[in-house]
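Under our numbering, the first residue of the sequence shown carries the number 18, and numbering increases by one thereafter.
Built from N, CA and C at the ideal position, the CB exists for glycine as well.
Just so we're clear, the structure is a prediction, and the values are computed from it rather than from any experiment.
Here's the structure we're looking at; comments come further down.
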Amino acid sequence: MERTLSIIKPDAVEKGHIGDILKIFETNNLKIVAMKMVHLSTQEAEQFYAIHKERPFFRDLIDFITSGRVVVSVLEGENAVAKNRELMGATNPQEAAPGTIRAEFADSIDANAVHGSDSLENAKIEVEFFFNNQLAAL
Ligand code: GDP
Ligand code: MG
């Protein structure tokens with residue numbers, strides 16, 4: 018059993034795809050064990066994406082993720098980290114396999130519908146970031 022962190026990004030929230038995306042998780046044996054809707058501040062976003070701070074697209078990434086509300090959830094299941102990445106599809110929606118969340122709902126590499134932890138180690142850090150004082154209840 019693993020846990021991973023998912024974020025439904027502002028584009029997908031704004032377009033009304035929260036339910037569609039959560040349905041994909043649930044029908045693929047990823048159980049939602051924690052969830053909240055938030056509007057990240059610039060400071061929170063910079064901390065969350067600190068790993069990318071030297072990348073040329075960092076400013077665009079921060080501007081986009083803070084542009085509207087997001088839905089943050091913890092998904093639990095067998096191989097949850099890899100399974101979520103598989104369901105998400107490639108970072109660039111033009112390269113995402115048919116049927117994946119990004120192929121279905123994303124518009125561009127910035128507005129690409131979802132975030133998902135890329136390793137078990139980062140999943141733990143990211144779950145802690147959003148649900149730090151609720152871990153005992155999970
Ligand atoms: P992910 O794990 O598939 O989300 O991709 P990364 O961790 O590599 O990048 C984080 C986020 O930054 C991605 O979801 C994209 O929204 C954005 N991003 C990644 N690479 C690029 C890029 O080359 N250009 C732009 N504009 N954004 C990017
Ligand atoms: Mg990533």
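1) Note the first and the last residue of the continuous beta strand (DSSP E) segment covering A51.
2) If you drop the 5 nearest sequence neighbours on each side, which residues of the same chain put their C-beta closer than 6 angstroms to that of L143?
3) Can V98 and E19 be called in contact, C-beta distance under 8 angstroms?
4) Apply the 10 Å Cβ neighbour rule to S90 and answer buried if 16 or more other Cβ atoms are within range, or exposed otherwise.
5) Using only CA atoms, which one of T44, R119, S58 and I79 lies nearest to A29?
6) Out of L57, V87, D80 and A114, which one is the CA nearest neighbour of G36?
Put simply:
1) By one-based count along the sequence shown, residue 51 stands at place 34. Counting along the chain, the beta strand (DSSP E) containing A51 begins and ends at K48 to V55.
2) Indexing the sequence shown from 1 puts residue 143 at position 126. The question names Leu, yet the displayed sequence has Glu at residue 143. Only L22 and S134 meet the Cβ criterion.
3) As a working note, residue 98 is residue 81 in the sequence shown. As a working note, residue 19 is residue 2 in the sequence shown. With contacts defined by Cβ atoms closer than 8 angstroms, V98 and E19 form a contacting pair.
4) Residue mapping note: residue 90 aligns to position 73 of the sequence shown, counting from 1. Buried.
5) Position 12 of the sequence shown, counting from 1, holds the residue named residue 29. The candidate whose alpha carbon is nearest that of A29 is R119.
6) Counted from its first residue, the sequence shown places residue 36 at position 19. Nearest of L57, V87, D80 and A114 to G36, Cα basis: V87.
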